[in-house]
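Each remark here refers to the structure printed beneath this line.
2 protein chains.
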Amino acid sequence: MTEPSVRFRHRGPRMHTTARHIDPMSDAAIAATVTPEPIEAVGARLGIPADALYRYGPHKAKLSLDFIREIEDRPTGKLILVTAISPTPAGEGKTTTTIGLGDALNRIGAKTAVCLREPSLGPCFGAKGGATGGGRAQIVPMQDINLHFTGDLHAIGAAHNLLSALIDNHIYWGNALDIDTRRIAWKRVVDLNDRALRSIVVGLGGPANGFPREDGFDITVASEVMAIFCLAKSLEELEDRLSQMVVAQTRAKGIVRAEALKGIGSMVALLRDAFQPNLVQTMEHTPAFVHGGPFANIAHGCNSVIATRSALRLADYVVTEAGFGADLGAEKFLDIKCRQAGLAPAASVVVATVRALKMHGGVGLKDLVKEDAGAVVLGAANLRRHVENMQKFGIPVVVALNRFLSDTPAEVDAVRGVLADLGVNVHVCSHWAEGGAGAEALAEEVKMLAARPSQFRTLYPDAMPLAGKIETIAREIYRAGDVALSPDAARRLTELEAAGFGDLPVCMAKTQYSFSADPKLRNAPTGHTIPVREVRLSAGAGFVVALTGDVMTMPGLPSVPAAEHIFVDADGVIGGLS
Amino acid sequence: MTEPSVRFRHRGPRMHTTARHIDPMSDAAIAATVTPEPIEAVGARLGIPADALYRYGPHKAKLSLDFIREIEDRPTGKLILVTAISPTPAGEGKTTTTIGLGDALNRIGAKTAVCLREPSLGPCFGAKGGATGGGRAQIVPMQDINLHFTGDLHAIGAAHNLLSALIDNHIYWGNALDIDTRRIAWKRVVDLNDRALRSIVVGLGGPANGFPREDGFDITVASEVMAIFCLAKSLEELEDRLSQMVVAQTRAKGIVRAEALKGIGSMVALLRDAFQPNLVQTMEHTPAFVHGGPFANIAHGCNSVIATRSALRLADYVVTEAGFGADLGAEKFLDIKCRQAGLAPAASVVVATVRALKMHGGVGLKDLVKEDAGAVVLGAANLRRHVENMQKFGIPVVVALNRFLSDTPAEVDAVRGVLADLGVNVHVCSHWAEGGAGAEALAEEVKMLAARPSQFRTLYPDAMPLAGKIETIAREIYRAGDVALSPDAARRLTELEAAGFGDLPVCMAKTQYSFSADPKLRNAPTGHTIPVREVRLSAGAGFVVALTGDVMTMPGLPSVPAAEHIFVDADGVIGGLS
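For the record, the sequence lines run as chains F and W. Under the numbering used here, the first residue of the first sequence carries the number 54, and numbering increases by one thereafter. Under the numbering used here, the first residue of the second sequence carries the number 54, and numbering increases by one thereafter.
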């Protein structure tokens, strides 16, 4: 053995991280105060045998598809949906409430699992941060889950991009399918926020590199592969849905389905392991299935059907959340996911904060610490409407008010007052600070509500024409006065119905910040017009997307991205993730 | 629970795979004939405690960095390098020989581990197929290793692309570093063969998407992050090397290092788990470290230093391979990896086949089954030169002749005759058909050779000027008559020396198919000119790349890619991987 020569100028011990310490108030530090149970012990709480768990280290596992087939015929538990008011910069805490409620249900003796979406790397390094809850209501190991986790998003990205490569390769080798290179809908994906890739030209540099054409990258979670991954009930259905995706048009305007590119088997091979639901735990050892995470605008924004269905066969209560506010997240959860997967929620929780209601009531971010019950009454109109909407689906509702130190009794009473005539209770929750103990009253009520027979109904029947579905959502949920279909959109809806896609549900791509299509219009606007500029078919996911404005499918990074603050300390611990 | 409505047109049971069965003669089927041991049992053969293994399912694990630090001061075993003649379409079997020799050494009682590169998805779906050996000389589980394995390549890709996104984001938010958008060396990567991404324009679509500029994608294994990943001895060194990468020039021609983009901590966080060496096993349960896999043209083409160094502290013999033929792979292994990591191989095996030597001797692919000892004598000049080259490094050599049924005794004798005066033995090996039992004679000789005191020396000293290093490699290894530096390359070498990079080793990017720069010139050409068109600095990897021709850093797919034949069967088993 020779001594290494100093070819590489090593500049001494960890010069980039010496000054980096884990902030003791950070979520990472709080999460580190508990010792996670071995994942087999977590699975055992749900009666999962150890050999049904495919381990990724001591605290993460995938649930085998064989075991999922075995439990298929078991009776199912109660599904609880956690949704929220229209989001504001004041914060609501939907994920923490999902986790806190799960922990609280277990505390009061109800065998409960939670089902969450898995985080994307893009927001982690951007402005939003991670997606594993906060305070004492977190899932762990938070660093692992926020970074690569078990590799699902990478698998989805690889499957997506393999199809992209096969499309250009097909064109390169003669284009037997006669794909119109101006009409390729299938873009490429990367699991990062990277605005420079939104609009690109590929195939430059001469004949060896193919035919130049316009293209672009979406973030991986916006891929239709992700939407399908989260709706398929089996590997077989996953394959069939992937085959049916429409990726391009021919010169003669015929559709080109993904299966024509002959790579579906490879895509399924890439997705096989990822398709197994991931099992982790909350800080209080409640089993948590964290699996899949489609965009909530151009897709349905909830975790995988296979995770939710599996959890329902293993636990008496399954608490899950839907993306964005209830007008988007819950509506899609109910009209798309539940419709397609045969699920029926037994109860729903609408999450709000006094602070956020004050913002809806017109108070600025800096003034939120001042008591203002009047503003709360005003802004609670937003909450009230979301509650009414949930009731339209026939689901019992309770409101969870995530406590902040600045909240006053008068403000909390104001919220209660606004909802009194709806027969809906408000529970002040403190699971962020106290874990499941801070959400026990909420858990008791959820248990009680869920005991009632299900009255769940979707908002519209399959048979309603597509334009009618859009109008129904706009009037019933958004309280719009009108829907303005662009000529393009109207023509496309007619085309889709003629092509036999008329009985699909509609996936609305609308701003999450308002019931209207204008993100600045907070609270509870009425009489607005919902413009539908464009309509897209997600033939494999099984829905028609109606775009009401600029839809971002590739976020950008802020001027000081979170990536600047993440580090590995001298002990190999990852810090700076929030 | 409601019944799912038939929103998605499921077209019946697994219509895409019913006709798909695993070929019983395929490598996958042969691999499936053995039951792998639990990975803890494999680790125990090397004295690795179970708690030093981070499991990915029952048959894959990562070795903890804490444990690697613990064993740092242990005495080291003998390092055996497996290299090969210049490749031809007839095939050589370098990876199978590495595996077969490892198994054979264990059979004769020598505690042995093998160290291999991990496969890239691109070639798996392209023309080349997987990289886990073949026949009875395979590492398992072959499907897992060939597909996502433990996610290392995805982690490297994410770390690379995060830096790419940070560069464009920096420019977007004001470009305080004054990066010249025409001179950004840092491209993007994807782990697929996708020629359409070789040359692209990004940042189109208006101000919100940034500044349009030329860009391109390399395959992930061509990333400097991969090269660094495979040369760093610790996480700390990994971070330091990443920081030092040169990613762009400023308008004033100053260099912009990666650390200026402030994302190094995040890159290390993304790479932390991946950096732990992967442990799997051969079909005969020999421990196999399969970790890292840089390109063998613009990088050094061997598995990670951290895997090799760890294996040497756990086993008495470590068998490893280097990419391409010995003129490229072994030279870089010795002059770059061994130089930087302080390694000294105790013996080397040069792999050849009678078939391939006949091709070097001028026989066409279709005529290889006909006996032609004369052609073997002619073509063995290629083998002889590679053997002589290994001897120049002071390393004992033995030749492994991978047996094919068409080989005749006269042909094998011809090979022996050509090498007789060099004092090098030739062993006919049949590990492909018989596993380790087919390479025992080779193993005995390797053990004997490795017992001699090391005479290893690098080809050139650090202090030699860069142009001198290129000339030394060209004359000593390639037997060129001359080196023709382009004016650009000559100027760049001078610049690099002035900037203090003169003592770095040189990484030659040359065709693997010939000692010359002309891929059509088989066998043992002399007197040729090695053109150096371009010189690139890999400041983090710690070498200077000399490009002698068109270098492909993003492969394309063939007209019928392997992706068309891969599938998941009705039992969830992946087939069609080769």
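Think of the CB as a built atom: it goes at the ideal place given N, C-alpha and C, for glycine as much as any other residue.
Contact set for residue i: own chain, Cβ-Cβ below 7 Å, skip 5 residues either direction
| i | result |
| --- | --- |
| alanine 212 of chain W | Val278, Met320, Leu323, Leu324 |
| alanine 280 of chain W | Pro347, Ala352, His353, Ser591, Ala594 |
| arginine 127 of chain F | Arg366 |
| methionine 336 of chain W | Ala84, Val87, Arg189, Gln191, Val193, Gly488 |
| glycine 580 of chain W | Gly534 |
| valine 481 of chain F | Leu454, Arg456, Val465 |
| alanine 562 of chain F | Asn350, Ile351, Val598, Ala599, Leu600, Thr601, Val604 |
| isoleucine 523 of chain F | Val536, Val559, Val585, Ala599 |
| aspartate 556 of chain W | Asp515, Ala516 |
Contact set between residue i and chain W, taken where Cβ atoms lie within less than 9 Å
| i | result |
| --- | --- |
| arginine 108 of chain F | Arg108, Tyr109, Gly110, Pro111 |
| phenylalanine 446 of chain F | Those do not exist, as phenylalanine 446 of chain F stays about 12 Å from chain W at its closest Cβ, beyond 9 Å. |
Contacts of residue i in chain W (Cβ-Cβ under 8 Å)
| i | result |
| --- | --- |
| valine 621 of chain F | Leu288, Glu292, Gly318, Val321, Ala322, Arg325 |
| histidine 439 of chain F | Those do not exist, as histidine 439 of chain F stays about 23 Å from chain W at its closest Cβ, beyond 8 Å. |
For residue j and residue i, believed in contact at Cβ under 8 Å, the rounded distance
| i | j | result |
| --- | --- | --- |
| leucine 549 of chain F | leucine 367 of chain F | Contact doesn't hold; Cβ gap of about 38 Å is too wide. |
| threonine 185 of chain W | tyrosine 109 of chain W | Not quite, the Cβ-Cβ distance comes to about 16 Å (not below 8 Å), so this is no contact. |
| isoleucine 161 of chain W | glutamate 497 of chain W | 6 Å |
| valine 372 of chain F | isoleucine 619 of chain F | Between isoleucine 619 of chain F and valine 372 of chain F the Cβ distance is about 29 Å, and since that is not below 8 Å, they are no contact. |
| threonine 511 of chain F | glycine 146 of chain F | Actually they do not touch by this definition, with Cβ atoms about 28 Å apart. |
| alanine 494 of chain F | threonine 136 of chain F | With 8 Å as the limit, alanine 494 of chain F and threonine 136 of chain F do not qualify as a contact, their Cβ atoms being about 19 Å apart. |
Nonlocal neighbours in the same chain, by C-beta distance under 8 Å from residue i, ignoring five residues either side
| i | result |
| --- | --- |
| aspartate 622 of chain F | Thr70, Arg73, His74, Ile75, Gly628 |
| proline 265 of chain W | Val254, Val255, Gly256, Leu257 |
| proline 66 of chain W | Bear in mind that the predicted position of proline 66 of chain W carries a pLDDT of just 42, short of 50, making it too unreliable to give a figure here. |
| aspartate 369 of chain F | Gly130, Lys131, Ala163, Lys164, Thr165 |
| methionine 607 of chain W | Asn246, Asp247, Arg248, Leu250, Arg251, Gly269, Phe270, Asp271, Ile272, Ala275 |
| proline 140 of chain W | Phe377, Gly378, Ala409, Gln565, Tyr566 |
| alanine 394 of chain F | Leu284, Lys286, Val358, Thr361, Arg362 |
| arginine 235 of chain W | Arg266, Glu267 |
| methionine 517 of chain F | Thr525 |
| alanine 341 of chain W | Ile152, Gly155, Ala166, Val167, Cys168, Leu169, Ile192, Leu332, Val333, Gln334, Thr335 |
Partner residues on chain F for residue i, Cβ-Cβ distance less than 9 Å
| i | result |
| --- | --- |
| glycine 629 of chain W | Gly318, Ser319, Ala322 |
Closer than 7 Å at the beta carbon, the chain W residues around residue i
| i | result |
| --- | --- |
| phenylalanine 178 of chain F | Leu215, Ser319 |
| serine 612 of chain F | Trp226 |
| leucine 200 of chain F | Ala322, Leu323 |
| leucine 600 of chain F | Ordered by position in chain W, no residue passes the 7 Å Cβ test against leucine 600 of chain F, which lies about 16 Å from the chain. |
| glycine 204 of chain F | His201, Gly204, His207 |
Chain F residues whose Cβ lies nearer than 7 Å to that of residue i
| i | result |
| --- | --- |
| alanine 616 of chain W | Leu215, Leu219, Gly316, Ser319 |
| leucine 668 of chain W | The structure shown does not extend to residue 668 of chain W, since chain W is modelled only from 54 to 631, so the question has no answer here. |
| alanine 208 of chain W | His201 |
| asparagine 435 of chain W | Per Cβ cutoff of 7 Å: no residues; asparagine 435 of chain W is ~29 Å from chain F at best. |
Contacts that residue i makes with chain F (C-beta to C-beta distance below 8 Å)
| i | result |
| --- | --- |
| leucine 118 of chain W | Gly625 |
Cβ-based neighbour list, residue i, same chain, cut-off 6 Å, excluding 5 preceding and 5 following
| i | result |
| --- | --- |
| alanine 14 of chain W | Outside the displayed range of chain W (54 to 631) lies residue 14 of chain W, so it cannot be described from this structure. |
| glycine 112 of chain F | According to the sequence provided, residue 112 of chain F is histidine. The question's glycine does not apply to it. Pro89, Ile92, Pro194. |
| arginine 589 of chain W | Val598 |
| arginine 294 of chain F | Ile281, Ala285, Gly593 |
| arginine 241 of chain F | Asn214, Ser217, Phe270 |
- Quick one: complete beta strand (DSSP E) runs, 3+ long, within the region 326–373 of chain W? Qualifying beta strand (DSSP E) stretches, in chain order: 331–335, 340–343.
- Query: What residues in the region 325–346 of chain F have a beta carbon less than 9 Å from any beta carbon of chain W?
  - Reply: Arg325, Asp326, Ala327
- Item | Residues in the region 242–264 of chain F having any Cβ partner in chain W nearer than 9 Å | Val243, Asp244, Leu245, Asn246, Asp247, Arg248, Ala249, Leu250, Arg251, Ser252, Ile253, Val254, Val255, Gly256, Leu257, Gly258, Gly259, Ala261, Asn262, Gly263, Phe264
- Query: In chain order, which continuous runs of the beta strand (DSSP E) of length 3 or greater are located wholly inside the region 537–572 of chain F?
  - Reply: 559–562
- Message: Which complete beta strand (DSSP E) runs does the region 461–549 of chain F hold, if anything under 3 residues is left out?
- Response: 479–482, 535–538
- Mind listing which residues of the region 509–541 of chain F have their C-beta closer than 8 Å to chain W's C-betas, in chain order? Phe509, Asp515
- Query: Could you give the uninterrupted runs of the beta strand (DSSP E) lying entirely in the region 565–629 of chain W, keeping only those of 3 residues or more?
  - Reply: 582–585, 587–591, 596–600
- Please go through the region 171–236 of chain F and give each complete alpha helix (DSSP H) segment of 4 or more residues, from N-terminal end onward. 174–178, 195–199, 205–225
- Taking any Cβ of chain F, which residues in the region 343–373 of chain W have a Cβ under 7 Å from it, in chain order? Taking 7 Å as the Cβ-Cβ cut-off against chain F, none of the residues of the region 343–373 of chain W qualify.
- Using a beta-carbon distance cut-off of less than 8 Å, what residues from the region 153–169 of chain W approach chain F? Listed in sequence order: no entries.
- Message: At 4 residues or longer, what runs of the alpha helix (DSSP H) sit wholly inside the region 266–332 of chain F?
- Response: 277–282, 288–297, 317–324
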